[in-house]
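Counting from 380, one number per residue, gives the positions in the sequence shown under our numbering. C-beta atoms are modelled at their ideal positions from N, C-alpha and C, and glycine is treated no differently.
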Amino acid sequence: MERVMIKAIYFDLDNTLIHRIKSIEVYAAAFYQDFASQLLEASITDIITIIKTQDNGGYLAKDSPYKTVKEAVSETLYQQLNWHTEPTIEQLKTHWNNQFPLYSVAMQGANELLQTLSEQGFYIGIISNGAHDTRLARAETLTAYSKVNKLVSSESAGINKPAKEIFINTLTEAGFKPEECCYVGDHPINDIEGSRNAGLKTIWIKGFHDWPKNIKPADHSIEHLSQIIDLLSLNNAI
């Protein structure tokens, strides 16, 4: 059977092109600076701990009383920090919404990978769950974002990963067949299982989620984005 050449590489955003935990650490320092005059006492470490716990890697905890990560982070910061002049919860939500994307930290090798893939003629896309404006704002912090051909958010698509339709609709609109595309992500179900069910080849980035025992392994597993170039150079062997 003749091998189908990969023509398009699609990526998740958080913990694939953007390192979410490192981004939180940078954002926490900015939060502390912006609200220091209103706090009785707090440390950047305290703020990081609160945000990481509520953010939960960008996935609202199943037992969370909140509807969104933004609500969970903002309301918990309001409740657990020691304020002498309290901000409103809405102010904290707005700060998270507007400022967190600006402090996005690229995954190691992300910009170099996008540049190289573009030079080699690959179509580059991003498919990410979340609000479109924040997805775009975070992605645009990548210095090589201009190499991305299309960013699709679950909000703009009206479909959330892992539903296979968000993958199929996106690549069909771009003129590709599923077997001509590869998806790269860190989440075993939302990224890998979802895109595989749509017929794409899959590359899992290890280190952020444990692999469920009942899920078939990805086509390839990597620890660093630079390994993608190695996979492609092996006669487009993805």
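Task: Neighbourhood of Glu544 by C-beta distance below 7 angstroms, restricted to the same chain and skipping five residues each side - done: Within the same chain, and ignoring the five residues on either side of Glu544 in sequence, the residues whose Cβ sits closer than 7 angstroms to its Cβ are Ile538.
Task: Three-state secondary structure (DSSP) of Thr464 - done: coil
Open item on the list: So the candidates are Gly436, Gly509, Pro541; which of them puts its Cα closest to the Cα of Ala577?
Closed with: Pro541
Open item on the list: Just to confirm, is the Cβ distance from Tyr482 to Val405 under 8 angstroms?
Closed with: yes
Open item on the list: Excluding the 5 residues flanking Ser600 on each side, which residues of the same chain have their C-beta closer than 7 angstroms to its C-beta?
Closed with: Trp583, Lys585
Open item on the list: Taking the beta carbon of Asp609 as the centre, do at least 16 other beta carbons fall within 10 Å, making it buried, or is it exposed?
Closed with: Here Asp609 is exposed. Its C-beta has fewer than 16 other C-beta atoms within 10 Å.
Task: Integer Cβ distance of Thr581 from Tyr562, believed to fall under 8 angstroms - done: For a cut-off of 8 angstroms, the C-beta gap from Thr581 to Tyr562 is around 6 angstroms, short enough to register as a contact.
Open item on the list: Please report the distance separating the alpha-carbon of Ser605 from that of Asn394.
Closed with: 15 angstroms
- [ ] Quick one: residues in its chain with C-beta nearer than 8 angstroms to the C-beta of Thr495, no 5 flanking neighbours on either side, listed in chain order?
- [x] Ile608
Open item on the list: Let's test the definition: count the other Cβ atoms within 10 Å of the Cβ of Met384 and tell me whether it reaches 16, buried, or not, exposed.
Closed with: exposed
- [ ] Over the uninterrupted beta strand (DSSP E) stretch that includes Tyr599, give me the two end residues.
- [x] Rather than Tyr, the amino acid found at residue 599 in this sequence is His. It spans 599-601 - the beta strand (DSSP E) in which His599 sits, taken as one unbroken run.
Open item on the list: I'd like the list of long-range same chain contacts for Asp570, defined as Cβ closer than 6 angstroms, with 5 residues on each side in sequence excluded.
Closed with: Asp391, Gly564
Task: Opening and closing residue of the beta strand (DSSP E) in which Ile388 lies - done: 387-390
- [ ] With DSSP as the reference, label Asn614 as helix, strand or coil.
- [x] Low confidence applies to Asn614: its pLDDT is 47, below 50, so where it sits in the model is not reliable enough to give any reading.
Task: C-alpha distance - Leu530 paired with Ile506, whole-angstrom precision - done: 6 angstroms
Task: 8 angstroms Cβ shell around Ile568 - same chain, five flanking residues per side excluded - done: Apart from the 5 residues on each side of it in sequence, Ile568 sits with its Cβ closer than 8 angstroms to the Cβ of Pro541, Pro591, Ile594 in its chain, given in chain order.
Open item on the list: With three or more C-beta pairs closer than 8 angstroms as the rule, is the segment 518-527 touching the segment 484-495?
Closed with: Under the Cβ criterion (8 angstroms, minimum of three pairs), the segment 484-495 counts as touching the segment 518-527.
Open item on the list: Quick check on Lys580: does DSSP put it in helix, strand or coil?
Closed with: strand
TODO: Taking only the alpha-carbon atoms, compute the straight-line gap between Leu418 and Phe555 and give it to the nearest angstrom.
DONE: Approximately 53 angstroms, taken between the alpha carbons.
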